[in-house]
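Protein chains in written order, with the working numbering: chain A, 1330 to 1568; chain G, 1330 to 1568.
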DNA sequence: ACCTGAACACCGTTCAAGT
DNA sequence: ACCTGAACACCGTTCAAGT
């Protein structure tokens, strides 16, 4: 922390010495420490050693700061995701794309909160960026033979499923991770739940429903379903 | 609001006159008005015309009150969902079950927040109730010919997908509902997004990716994929 | 134009004091 | 055992005053 204090009194900063970008960076640092839910403007200001009210000069409401963070988050995620690649099959690409998406959000709760969970508006630029990503995927699928509508829906379904598993995994990790294993034994009683008891005993499944295996499984069922769809799309064209 | 005040001073309540259940009910009423995120213990107390500190006597922390609400929410949802029904096909049942689930959460943000989104622990009893519901579905699927592991995964995949669409729908409804239609025209520009532009122009799709059509589509792709799986499960048995 | 402290309303929580 | 007001630390936000 830079020392800019004299006798505990803040030295007044010169105009222009606080860039909005600095505030956003500090907000990310604090959010990573305290979580988005516990992010406080006061802590952001403390992190930069500026007055809280200075933050409010640049972002009139906390919500505005969060929106700016969301925009950065959307950009960051978009850059981490692979671009459509015609060198591999559409199926291999989608597998790679959504596996990567899951990994990105799983390893960064702040990004998941800002982009996937929190109720907020994004800037027009961010929304634009998002849809441009979708456009590229749809184009890839169309060139692979899907009808445009099916290409759109295929991508939407995978996005929705991946979002579901990210949130499931996150809630379970944060809430119960410490207890689920010990619970697993007392939770599933053989009398009223013979099927689940058997599955748990033989270690065939994880109770979380959001493990790597679960994701791989769900993804491949969806992709196989879409392969069937592709056949009928192609049939229709050749008729 | 019951009048229990004399000259603006609260009349002291007799011991035992505040039931925990009353506080929970009031909390639901306030949450439905203000949303879970904006639920304040002060407002709950005001709603019952009791002292804030009285709430804290019954629930030592706000988190405890939220947990009690979550438990009630889980019970409420479970009662609204249909029970496994052997009179119809497994596919028809799952379609009905998850369509209903989507509807329940969609029409009640508080339930969705408490059960699906918020990071919290549930009581052992609630978790038990949830897994008992899963057990019944798994048993139904096993009796339809699925292997236990596939039955579990099939259900888990549908649950995850449904959760994803509920959250997608909710975030989009709350954040952009007013703007998305007017945005739709300026957002999708034909130059950089010819595919999406065409789809939007012809009204073939909704940008939300969480419409009724989207859900029906995703659900049926998953169910068809599982039908394929059933065939191979049955094949294995007859071998 | 930008940075700041004082001040305010609201919130979650503690505690000692009532019955 | 249960209900309460006073009191506290923290939060988001406004505003008038500095430079």
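In this text, a Cβ means the ideal position worked out from N, Cα and C, and glycines have one as well. Note that the structure is predicted; figures quoted are calculated from it, not measured.
Worksheet entry | Cβ-Cβ separation, residue 1443 of chain G to residue 1402 of chain G (assumed contact under 8 Å), whole Å | 4 Å
Discussion item. For residue 1562 of chain G and residue 1352 of chain A, what's the separation of their Cα atoms in angstroms?
Written reply: 57 Å
Fill in: Rounded separation between residue 1323 of chain G and residue 1479 of chain G - CA only
The displayed coordinates of chain G run from 1330 to 1568. Any statement about residue 1323 of chain G would go beyond what the structure contains.
Worksheet item: For residue 1551 of chain G and chain A, any beta-carbon pair shorter than 8 Å?
Response: yes
Item to complete: Output yes or no for whether 8 Å exceeds the beta carbon distance between residue 1453 of chain G and residue 1430 of chain G.
Response: no
Fill in: Bounding residues of the alpha helix (DSSP H) (the contiguous stretch that carries residue 1521 of chain G)
Segment: none, residue 1521 of chain G is in no alpha helix (DSSP H) and carries neither H nor E.
Item to complete: Starting from residue 1434 of chain A, trace the alpha helix (DSSP H) both ways and give me its first and last residue.
Response: 1419 to 1435
Worksheet item: How many angstroms separate the CA atom of residue 1448 of chain A from the CA atom of residue 1428 of chain G?
Response: 23 Å
Item to complete: For residue 1386 of chain G, count neighbouring C-beta atoms within 10 Å of its own C-beta (all shown protein chains included) and say buried if the count is 16 or more, exposed if not.
Response: exposed
Worksheet item: When we look at the beta-carbon of residue 1345 of chain G and count the other beta-carbons within 10 Å, is it buried (16 or more) or exposed?
Response: exposed
Worksheet item: residue 1569 of chain A: buried (16+ other C-beta within 10 angstroms of its C-beta) or exposed?
Response: Within the shown structure, residues of chain A are numbered from 1330 to 1568, placing residue 1569 of chain A beyond reach of any answer.
Practice prompt. Kindly indicate which three-state DSSP category residue 1447 of chain A falls into: helix, strand or coil?
Written response: coil
Discussion item. Helix, strand or coil for residue 1499 of chain A? Go by DSSP, reduced to three states.
Written reply: helix
Item to complete: Could you check the C-alpha separation between residue 1348 of chain G and residue 1445 of chain G for me, to the nearest Å?
Response: 27 Å
Worksheet item: For the region 1460 to 1482 of chain A, which residues have a CB atom closer than 8 Å to at least one CB atom of chain G, in sequence order?
Response: 1460, 1461, 1463, 1464, 1467, 1468, 1471, 1477, 1478, 1480, 1481, 1482
Fill in: Three-state class that DSSP yields for residue 1556 of chain G in the structure shown
helix
Worksheet item: Where does residue 1506 of chain G fall in DSSP's three states?
Response: Annotation note: pLDDT 46 at residue 1506 of chain G (below 50); position unreliable, coordinate value reported separately. DSSP places residue 1506 of chain G in coil when its eight states are reduced to three.
Discussion item. Does the region 1356 to 1371 of chain G come into contact with the region 1541 to 1559 of chain A, if we say contact requires no fewer than three beta-carbon pairs (one atom in each stretch) closer than 8 Å?
Written reply: no
Discussion item. Counting only Cβ pairs nearer than 7 Å, list the residues of chain A close to residue 1360 of chain G.
Written reply: Result: empty, since nearest Cβ-Cβ is about 15 Å, beyond 7 Å.
Item to complete: Please classify residue 1503 of chain G: is it buried, with 16 or more other beta-carbons within 10 angstroms of its beta-carbon, or exposed?
Response: exposed
Worksheet item: When the cut-off is 8 Å and only beta carbons count, does residue 1533 of chain A lie next to chain G?
Response: yes
Worksheet item: Near residue 1496 of chain A, which residues of its chain fall below 8 Å by C-beta distance, leaving aside the five closest residues on each side in sequence?
Response: 1441, 1445, 1446
Worksheet entry | Integer-rounded CB distance, given that residue 1544 of chain A should sit under 8 Å from residue 1494 of chain A | 5 Å
Item to complete: Report all residues from its chain with a CB closer than 7 Å to the CB of residue 1551 of chain G; omit the five preceding and five following residues, and keep chain order.
Response: 1486, 1487, 1490
Discussion item. At the 8 Å Cβ level, is residue 1398 of chain G part of the contact set with chain A, yes or no?
Written reply: no
Discussion item. In whole angstroms, give me the CA-to-CA distance for residue 1418 of chain A and residue 1425 of chain A.
Written reply: 11 Å
Fill in: Which of helix, strand or coil DSSP assigns to residue 1348 of chain A
coil
Fill in: Per-residue DSSP class, three states only, for residue 1472 of chain A
helix
Discussion item. Going by DSSP in three states, residue 1548 of chain G sits in which element: helix, strand or coil?
Written reply: helix
Item to complete: Go to residue 1538 of chain G, then tell me how far its alpha helix (DSSP H) extends in each direction, as first and last residue.
Response: Looking at the DSSP string, residue 1538 of chain G is not in any alpha helix (DSSP H), and its letter there is neither H nor E.
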